[in-house]
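A short worksheet on the structure shown next.
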Amino acid sequence: MERRFGVGLDPDREVIPASGSKEAVFHAPLAFLHPSHERRGVAYGTPGYPVYERGTLFAGGETLPVELEEKDGFLLPIREIDPGKTRAVWINYPHNPTGAVASLSYLEELAAFCREHDILLFSDECYNDVYSGEAPPSILEVTKERTLAFVSLSKRSGMTGYRSAMMAGDEELVAALKRMRPSIGTASPGFVYAAATAAWGDDAHVEARNRVFTEKRNLFTGFFERAGLRWMQTNASLYLWARVPDEYGGDDEAYALRLLEEGILVAPGSSFGPGGGGYFRVALVPRLEACREAIERWEGLLR
Ligand SMILES: Cc1ncc(COP(=O)(O)O)c(C=O)c1O
0 MERRFGVGLD PDREVIPASG SKEAVFHAPL AFLHPSHERR GVAYGTPGYP
50 VYERGTLFAG GETLPVELEE KDGFLLPIRE IDPGKTRAVW INYPHNPTGA
100 VASLSYLEEL AAFCREHDIL LFSDECYNDV YSGEAPPSIL EVTKERTLAF
150 VSLSKRSGMT GYRSAMMAGD EELVAALKRM RPSIGTASPG FVYAAATAAW
200 GDDAHVEARN RVFTEKRNLF TGFFERAGLR WMQTNASLYL WARVPDEYGG
250 DDEAYALRLL EEGILVAPGS SFGPGGGGYF RVALVPRLEA CREAIERWEG
300 LLR
């Protein structure tokens, strides 16, 4: 965090490891919410990663989904957060599924709103190291107060199978997690910590991975351009988010199924919740050769 964002952290008080960010996202609300609390709402954007909603429900919180819109660049609209109900807000930039990236000024505005209304700010930053060109910011550059950043090795280092991540930020929140998490049993084995230490200590493999992701991103955006598809501009995340062609009348499932017949796998936007309908998501995860072949088949379909 110091190398990448200039954010110094005390490893004893401001950081807690996790067995991947999914379990961290799912379990974190248990440390801060209770069904008996009057203000127990958790706001999160939709379309989005489904675990913000599930973690809230299992902790007895109230789900407060906020629809993200293309006109706002898929940034969670701060005006839609109800301070009377909201105990915590989730953001996730670079964003799954749209690839949206938040500016530092947006993060500043959101952090100021959360400070004013005593709202916890949870920032899922698992895609923060997957980018080309300008590096996406971290919420911890703005504040640690009432705030936690969730970071993972899964995307940065392609180490999904190791299940290794961390939460970092406000020391009181970290202390609460340290009291709660031993009840779950989420500690990683020593060899995973050893691998994680090596991976966090090395940026060369991250740069090499980013060169490949950039090539894939350029392949698909070049194709979208040639094909007249409309997509969301992005330089980060593993995803491209595009509009379903007009002739499908916004039916993203029908389009995804048609592509599947050609052996091309995209995710229909509606599978990410309200606001996702009419879009599809391309994940830049298969090897370059497979991406090239998908594009060739897709071009054949268009012809
Ligand atoms: C937005 C988001 N958060 C968290 C995760 C979980 O990643 P992991 O548990 O592998 O760290 C994912 C995985 O796809 C994701 O897309």
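Numbering that gives the first Met the number 0 puts the sequence shown at residues 0 to 302.
The C-beta atom is built at its ideal place from N, Cα and C for all residues, glycine as well.
Bear in mind the structure is a predicted one, so any value in this text is a computation, not a measurement.
With a cut-off of 6 Å, give the chain-ordered residues whose Cβ is closer than this to any heavy atom of ligand 1.
19, 20, 21, 24, 48, 91, 95, 123, 125, 151, 153, 159 and 164
Going by the DSSP bridge assignment, what does residue 90 pair with across the sheet?
122
Helix, strand or coil: how does DSSP classify residue 54 here?
helix
Helix, strand or coil at residue 3 [DSSP, three-state]:
helix
Could you pull out every residue in the same chain whose Cβ sits closer than 6 Å to the Cβ of residue 3, ignoring the five residues on either side in sequence?
none
With three or more C-beta pairs closer than 8 Å as the rule, is the stretch 49-66 touching the stretch 204-220?
no
Within 10 Å of its beta-carbon, does residue 36 have 16 or more other beta-carbons around it, so buried, or fewer, so exposed?
exposed
Quick check: the stretch 264-273 against the stretch 146-161, are there 3 or more CB pairs under 8 Å?
no
From the DSSP output, read off the bridge partner residues of residue 31.
None, per the DSSP bridge assignment.
Assigned secondary structure, residue 158 (DSSP; H/G/I helix, E/B strand, else coil)
coil
At a cut-off of 7 Å, would you count residue 184 as near ligand 2, judging by its Cβ distance to the nearest heavy atom?
Looking at this structure, you won't find ligand 2 anywhere; what it does contain is ligand 1.
Contact check, residue 98 vs residue 259, beta carbons under 8 Å:
no
Pair within 8 Å by beta-carbon distance, residue 237 and residue 283
yes
Spatial neighbours of residue 13 within its chain, please: CB distance less than 8 Å, with the 5 preceding and 5 following residues excluded, ordered by chain position.
143, 167, 168, 169, 170 and 173
Would you call the stretch 226-236 and the stretch 247-261 touching, i.e. three or more CB-CB distances under 8 Å?
no
Relative to the C-alpha of residue 150, which candidate in 206, 92 and 67 has its C-alpha closest?
92
Euclidean distance between Cα positions of residue 82 and residue 29
20 Å
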